[in-house]
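So the protein sequences, as listed, match chains A and B. The first sequence lines up with residues 244 to 457 when you count with this note's numbering. The second sequence lines up with residues 244 to 457 when you count with this note's numbering. These notes concern the structure reproduced below.
Number of protein chains: 2
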Amino acid sequence: MAAASEASPTASTTPAQHEHRASARERLLAAANELFYAEGVQTVGIDRIIERAGVAKGSLYNTFGSKEELVAAYLASRHDGTSDRLTKAIERFDDPRQKILAIFDAQAQLFRQPDFNGCAFTAASTEARPGGLIENAADRFRAWIRAMFTDLAEQAGAPDPVGLGRQLHLLYDGAGLAARMDHGDPGIAQPTRDAAEALLDAALTRSHQILAGG
Amino acid sequence: MAAASEASPTASTTPAQHEHRASARERLLAAANELFYAEGVQTVGIDRIIERAGVAKGSLYNTFGSKEELVAAYLASRHDGTSDRLTKAIERFDDPRQKILAIFDAQAQLFRQPDFNGCAFTAASTEARPGGLIENAADRFRAWIRAMFTDLAEQAGAPDPVGLGRQLHLLYDGAGLAARMDHGDPGIAQPTRDAAEALLDAALTRSHQILAGG
DNA sequence: CACGCATTAGACAGACCGGTCTAAATAATG
DNA sequence: CATTATTTAGACCGGTCTGTCTAATGCGTG
Numbered sequence: 244m245a246a247a248s249e250a251s252p253t254a255s256t257t258p259a260q261h262e263h264r265a266s267a268r269e270r271l272l273a274a275a276n277e278l279f280y281a282e283g284v285q286t287v288g289i290d291r292i293i294e295r296a297g298v299a300k301g302s303l304y305n306t307f308g309s310k311e312e313l314v315a316a317y318l319a320s321r322h323d324g325t326s327d328r329l330t331k332a333i334e335r336f337d338d339p340r341q342k343i344l345a346i347f348d349a350q351a352q353l354f355r356q357p358d359f360n361g362c363a364f365t366a367a368s369t370e371a372r373p374g375g376l377i378e379n380a381a382d383r384f385r386a387w388i389r390a391m392f393t394d395l396a397e398q399a400g401a402p403d404p405v406g407l408g409r410q411l412h413l414l415y416d417g418a419g420l421a422a423r424m425d426h427g428d429p430g431i432a433q434p435t436r437d438a439a440e441a442l443l444d445a446a447l448t449r450s451h452q453i454l455a456g457g
Numbered sequence: 244m245a246a247a248s249e250a251s252p253t254a255s256t257t258p259a260q261h262e263h264r265a266s267a268r269e270r271l272l273a274a275a276n277e278l279f280y281a282e283g284v285q286t287v288g289i290d291r292i293i294e295r296a297g298v299a300k301g302s303l304y305n306t307f308g309s310k311e312e313l314v315a316a317y318l319a320s321r322h323d324g325t326s327d328r329l330t331k332a333i334e335r336f337d338d339p340r341q342k343i344l345a346i347f348d349a350q351a352q353l354f355r356q357p358d359f360n361g362c363a364f365t366a367a368s369t370e371a372r373p374g375g376l377i378e379n380a381a382d383r384f385r386a387w388i389r390a391m392f393t394d395l396a397e398q399a400g401a402p403d404p405v406g407l408g409r410q411l412h413l414l415y416d417g418a419g420l421a422a423r424m425d426h427g428d429p430g431i432a433q434p435t436r437d438a439a440e441a442l443l444d445a446a447l448t449r450s451h452q453i454l455a456g457g
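See below:
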């Protein structure tokens, strides 16, 4: 939720007071995060957002300009939140293999949250305007996830880090989708971890490894 | 009141049985299949369905009763189509392992279709009313897919057919989701097949293989 | 205080939504 | 042919949607 830019045109020299309540932008983003994520960006209208945020409609359109840009800002904050969460889950390990498994463990923990409702980018882009801000936000998010897996696969010494990264991304996608579609069935965590280990073992086993490149 | 099992999306428009044109129900389902699948059940309204089908609005409500029931019928026809497609893909092999890989090959072929737009059940249930007809249709479809993978895993002699079935289902979900989100990137087929083989090898080639009869 | 500016509540616009209903036209059936 | 049932086009309903605009209200700063 730290996506708010403080680029204020009125560059006042007033010392920022940290106690006054959140700005309209912050409260709109908080309301959007709750309502859009829980019920979907199509079914939730502007009126419900401003009601939850306690903000006038004019402020919303003065701040974001359109609903689509509000959705894009909501997705950007989701992107930042997931980046922080997974980065913290990773940095507690040194072994790249353990880092990869830590991602799936962090996801399993996320799926257990009672308010979990699937991937926000997948949901928002389902009926989004092609080529619009929402699709772009989803593309950026997926590129980040894929780069993370590819980098870790390379650090783990995989002969084909791109291929292993894509396999892990497939598993990541499948786990998130199944966790939503199966209504929080906890039986997803174990097969996900088993599959991740099997894919890592198959790709990293060095006994009969074909070295790709010098 | 048999469900429209012969309403295949890609079938030709040849009137096989009778000379007169398709019934209102068939044309409505065909229009729903095109519009709902391509643009989403939320964004496509009733008026566009009846315009495409060339049917009066009264006939739609006389036939289906509500939009939700039309969506449910559209999903039922999708369910039947996928069942037929995957069943045909499977029955060309005898080895259960080859049957499983044939499913992923059939999916890869599906992803290459220019009008592919992801899993219809995943899309329709994204913002669906909880506990409604759409969610039920998605649950039934997922149960069928899972049973298929579990049965094949058991036939393949997996020591834990439920676990392997879930792993394969995760991969199935991930492949379908990635194929949509990555805008038809053909680079998904190879990692999917590699992962499927790795999961099968890990589950079926044990130090001491336990054959589950049959 | 006075000014400027952001924010407020809410009316309003124009479009679309799912769904109902009427009345004419058509098809099926005795 | 006459009767009945279905289908048709489209008006119509109440409601919701995004987005604009007005006018009053704060509220910090010179």
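C-beta atoms are modelled at their ideal positions from N, C-alpha and C, and glycine is treated no differently.
- Using a CB distance cut-off of 8 Å, Pro404/B does not count as an interface residue toward chain A.
- Taken atom to atom, the span from the alpha-carbon of Phe359/B to that of Ala380/A is near 21 Å.
- Counting only runs of 4+ residues, the alpha helix (DSSP H) found wholly inside the stretch 357 to 425 of chain B occupies 363 to 368, 376 to 398, 404 to 424, in chain order.
- By alpha-carbon distance to Asn276/A, the top candidate from Met391/A, Ala319/A, Leu376/A is Ala319/A.
- By the neighbour-count criterion, in which 16 or more other beta carbons inside 10 Å mark a residue as buried, Thr330/B falls on the exposed side.
- Distance from the Cα of Leu344/A is smallest, within the candidate group Thr448/A, Ala445/A, Ala439/A, for Ala439/A.
- For the stretch 415 to 435 of chain A, residues whose beta-carbon sits nearer than 9 Å to a beta-carbon of chain B comprise Tyr415, Asp416, Gly417, Ala418, Gly419, Leu420, Ala421, Arg423, Met424, Asp425, His426, Gly430, Ile431, Gln433, Pro434, Thr435.
- Identification of residues in the stretch 268 to 284 of chain A having a C-beta nearer than 9 Å to some C-beta of chain B yields Glu282, Gly283, Val284, given in sequence order.
- For Asp338/B, the closest Cβ of chain A is not nearer than 8 Å.
- What His412/A touches in chain B, judged by beta-carbon distance under 9 Å, is Gly417, Ala421, Pro434, going in chain order.
- In the structure shown, Thr448/B falls within a coil segment according to DSSP collapsed to helix, strand and coil.
- Going by beta carbons, Gly361/B and Gly419/B fall inside the 8 Å limit.
- Taking C-beta atoms as the reference points, Leu278/B and Ile293/B fail to come closer than 8 Å.
- Under the 10 Å beta carbon count, Pro434/B is surrounded by 16 or more other beta carbons and is classified as buried.
- By alpha-carbon distance to Tyr280/B, the top candidate from Thr365/B, Ala349/B, Ala351/B is Thr365/B.
- Of the candidates Thr393/B, Glu378/B, Leu442/B, the residue whose Cα lies closest to the Cα of His426/A is Glu378/B.
- Nearest CB-CB separation between Glu311/A and chain B: not below the 8 Å threshold.
- Contact between the stretch 390 to 407 of chain A and the stretch 402 to 418 of chain B is absent: fewer than three C-beta pairs spanning the two stretches fall below 8 Å.
- Nearest C-alpha to Arg385/B among Pro357/A, Arg423/A, Arg372/A, Glu370/A: Arg423/A.
- Here Asp444/B really is in contact with Ala445/A; their C-beta atoms are around 7 Å apart, less than 8 Å.
- Contact of Thr393/B with chain A is not assigned, every C-beta pair being separated by 8 Å or more.
- Between Arg295/B and Ala267/B, the gap from beta carbon to beta carbon reaches 8 Å or more.
- Taken through DSSP and simplified to helix, strand or coil, Thr435/B comes out as helix.
- Interface residue (Cβ-Cβ distance to chain A less than 8 Å): Arg291/B is not classified as such.
- The CB of Thr369/B comes closer than 7 Å to the CB of Gly283, Ala366, Thr369 in chain A, given here in chain order.
- Contact check for Gly417/A and Asp416/B: beta-carbon distance about 4 Å, within the 8 Å limit, so the pair qualifies.
- In the structure shown, Val298/B adopts coil according to DSSP, grouped into three states.
- Each residue's CA atom was taken as its position, placing Ala421/B and Ile388/A some 12 Å apart.
- By the Cβ neighbour-count rule, Glu334/A is exposed, with fewer than 16 other Cβ atoms within 10 Å of its own.
- Following the DSSP letters along the chain, one finds Ala316/B inside the alpha helix (DSSP H) bounded by residues 310 to 333.
- For Leu442/A, the neighbours in chain B by C-beta distance under 8 Å run, in chain order, Ala438, Ala441, Leu442.
- In terms of beta-carbon proximity, Thr286/A lines the interface with chain B, with at least one pair separated by less than 8 Å.
- When the five nearest sequence neighbours on each side are left out, the beta carbons in the same chain lying within less than 7 Å of the beta carbon of Ala299/B are those of Ile293, in order along the chain.
- CA-CA distance, Arg372/B to Thr286/A, rounds to 10 Å.
- In this chain, Asp428/A is not harboured by any alpha helix (DSSP H), its DSSP state being neither H nor E.
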